[in-house]
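Peer 1: Here the sequence shown stands for residues 43 to 420, where the numbers follow our numbering.
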Amino acid sequence: MSFSLYVHIPYCDSKCPYCDFNSHAARRWPEQRYVAALRRELAVAADGSHWGGMVRTIFFGGGTPSLFDPASIAGVLEEVRRHWQLAPTVEITLEANPGTVDEGRLRGFAAAGINRLSFGVQSFQPKILTLLGRIHDGPTAIRAVGDGQRAGFDNINVDLMFAVPGQSVEAWRADLRQAIDLGTAHVSAYNLTFEEGTAFHAMRRRGEFEPLGEDVEIAMYEATEDALTTAGFLRYEISNYALPGRACQHNLSYWRALPYLGIGAGAHSFSAASMRRWSNQLGPEAYMHAVEASGGAAVGQEILTARQLQGEFVFLGLRCCEGIEVSEFSDRFGVDFAVAFPHYRDLRKAGLLEQRGANWRLTERGRMVSNEVFATFV
Ligand code: SF4
Numbered sequence: 043m044s045f046s047l048y049v050h051i052p053y054c055d056s057k058c059p060y061c062d063f064n065s066h067a068a069r070r071w072p073e074q075r076y077v078a079a080l081r082r083e084l085a086v087a088a089d090g091s092h093w094g095g096m097v098r099t100i101f102f103g104g105g106t107p108s109l110f111d112p113a114s115i116a117g118v119l120e121e122v123r124r125h126w127q128l129a130p131t132v133e134i135t136l137e138a139n140p141g142t143v144d145e146g147r148l149r150g151f152a153a154a155g156i157n158r159l160s161f162g163v164q165s166f167q168p169k170i171l172t173l174l175g176r177i178h179d180g181p182t183a184i185r186a187v188g189d190g191q192r193a194g195f196d197n198i199n200v201d202l203m204f205a206v207p208g209q210s211v212e213a214w215r216a217d218l219r220q221a222i223d224l225g226t227a228h229v230s231a232y233n234l235t236f237e238e239g240t241a242f243h244a245m246r247r248r249g250e251f252e253p254l255g256e257d258v259e260i261a262m263y264e265a266t267e268d269a270l271t272t273a274g275f276l277r278y279e280i281s282n283y284a285l286p287g288r289a290c291q292h293n294l295s296y297w298r299a300l301p302y303l304g305i306g307a308g309a310h311s312f313s314a315a316s317m318r319r320w321s322n323q324l325g326p327e328a329y330m331h332a333v334e335a336s337g338g339a340a341v342g343q344e345i346l347t348a349r350q351l352q353g354e355f356v357f358l359g360l361r362c363c364e365g366i367e368v369s370e371f372s373d374r375f376g377v378d379f380a381v382a383f384p385h386y387r388d389l390r391k392a393g394l395l396e397q398r399g400a401n402w403r404l405t406e407r408g409r410m411v412s413n414e415v416f417a418t419f420v
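#1: Specify whether the stretch 229–237 and the stretch 177–190 touch according to this definition: at least 3 beta carbon pairs, one from each stretch, less than 8 angstroms apart.
#2: Where are the beta strand (DSSP E) runs, 3 residues long or more, that stay fully inside the stretch 207–278, in chain order?
#3: Let me see if you follow: with CB-CB separation under 8 angstroms, is E137 close to chain D or not?
#4: What three-state label does DSSP hand D201 in the structure shown?
#5: According to DSSP, what are the bridge partners of I134?
#6: Assuming H125 and A88 are in contact, meaning their beta carbons sit under 8 angstroms apart, how far apart are those beta carbons, in whole angstroms?
#7: For the alpha helix (DSSP H) holding I184, just list the boundary residues, first then last.
#8: On the three-state DSSP scale, how would you describe R158?
#9: Are the stretch 98–112 and the stretch 135–142 touching, with three or more C-beta to C-beta distances below 8 angstroms?
#10: Taking 7 angstroms as the cut-off, does the CB of S65 come closer than this to any heavy atom belonging to the ligand SF4?
#11: Taking the C-alpha atoms as reference points, what is the distance between A261 and S108?
#12: Name the two residues that bound the continuous alpha helix (DSSP H) containing L80.
#13: Go through its chain and collect everything with a Cβ distance to Q127's Cβ below 6 angstroms, but skip five positions before and after it.
#14: Out of A309, P140 and P168, state which residue places its alpha-carbon closest to the alpha-carbon of D189.
#15: Looking at the unbroken beta strand (DSSP E) that takes in N413, where does it start and where does it end?
#16: For Q220, count the other beta carbons within 10 Å of its own beta carbon; 16 or more makes it buried, fewer makes it exposed. Which is it?
#17: What alpha helix (DSSP H) runs, 4 residues minimum, are completely inside the stretch 346–382?
#18: Per DSSP, what kind of secondary structure is V333 in: helix, strand or coil?
#19: Does the beta carbon of T135 fall short of 7 angstroms from some heavy atom of the ligand SF4?
#20: Check L404 in the structure and name its three-state DSSP category.
#21: Would you mind sorting I345 into buried or exposed? The rule is 16 or more other CB atoms within 10 Å of its CB.
#22: Could you tell me whether the stretch 65–72 touches the stretch 283–294, using the rule of 3 or more Cβ pairs below 8 angstroms?
#23: According to DSSP, is I280 part of a helix, a strand, or is it coil?
#24: What residue from L80, D55 and R192 has the CA that sits closest to F175's CA?
#25: So what's V49 in DSSP terms, helix, strand or just coil?
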């Protein structure tokens with residue numbers, strides 16, 4: 043069976059105060075050693091029994107993968123090609139921080155095999171970017187997207203963030219308009235969350251933030267839908283919008299509960315065939331050390347029950363606007379959706395779930411309380 047590949051690059055120029063990803067601020071990083079560990083991990087994974095078939099999608103995430111030299115990214119992709127065939131339609135994404143790239147560098151990534159860029163822009167407004175601790179300003183983000191286009195990329199995502207303290211609905215609309223005007227193919231619009239362990243979480247606890255009211259957040263949520271769909275984008279997941287044919291295939295494979303191999307520090311893997319999920323050593327040093335010593339860095343393996351797999355298929359699939367196909371559920375699990383989760387009728391009666399053709403999906407009201415609905419399938 044084909045699979046997706048995630049490659050984690052854990053280094054960043056500085057740590058953003060809202061970020062709870064496995065990312066580490068560094069002035070220098072052991073790039074050659076880290077790439078060697080990634081290549082070794084790939085070779086060992088290819089030798090095992092979990093990962094046969096073609097690679098459907100590849101995603102370099104982080105951290106800030108664009109800090110790495112294009113030759114390093116090319117080396118990882120060379121190792122992938124050495125062991126597996128890439129699907130003819132393979133999507134290969136690189137996450138990029140606008141403050142770390144120029145046209146020449148982006149041309150290098152294109153030559154390495156990258157065919158999709160995902161820019162962590164967050165905002166074009168100076169006040170918001172300063173608050174978020176980003177290293178770029180608005181003009182730099184605009185230039186970076188243009189550089190990507192001039193370097194030949196026609197599949198570019200821009201990440202934007204709303205519900206930031208002090209942000210007005212009008213400022214959020216301006217960010218959306220700017221992203222649309224840049225001619226990007228995809229926009230991910232996330233609301234700011236205050237995750238435990240981040241600087242923002244501590245600041246909120248100390249009362250240093252006045253969080254936006256729920257009504258303002260809802261107005262921003264509606265503004266997102268309005269601005270992007272008017273511009274021809276299709277909403278295909280709670281936070282993701284794409285021009286036709288430009289939905290992110292890598293993220294869709296997560297939401298469809300398809301298998302993925304994760305390599306690099308802290309990366310997660312999921313093998314549907316062996317009903318297992320596992321993750322790598324979190325710290326970059328511990329990760330490299332483990333791979334150098336044994337060829338792998340897996341820790342924390344979880345064996346999943348059939349019931350867990352069924353629940354995950356449903357709540358991940360419901361994140362997508364088209365929802366879940368009940369025939370795919372019965373094909374995968376040998377049981378009817380209605381038998382496995384009879385409470386779907388209560389969700390329908392409550393106006394949270396609806397049937398569209400062969401699919402069940404969240405209603406607009408269901409999306410507003412999506413976490414509560416997902417919890418009923420866990
Ligand atoms: S650049 Fe991205 S990964 Fe790095 S600290 Fe900021 S939000 Fe986190």
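The beta-carbon is built from N, C-alpha and C at its ideal position, and this holds for glycine as well.
Peer 2: According to the structure shown:
#1: no
#2: 228–233
#3: Absent from the structure: chain D. Only one protein chain is present.
#4: strand
#5: I100
#6: 4 angstroms
#7: G180 to R192
#8: strand
#9: yes
#10: yes
#11: 34 angstroms
#12: E73 to D89
#13: M96
#14: P140
#15: Careful: N413 lies outside any beta strand (DSSP E), inside the alpha helix (DSSP H) at S412 to A417.
#16: buried
#17: 348–359, 368–375 and 379–382
#18: helix
#19: no
#20: strand
#21: exposed
#22: no
#23: coil
#24: Note on residue identity: the sequence assigns Gly, not Phe, to residue 175. Considering only alpha carbons, the answer is D55.
#25: strand
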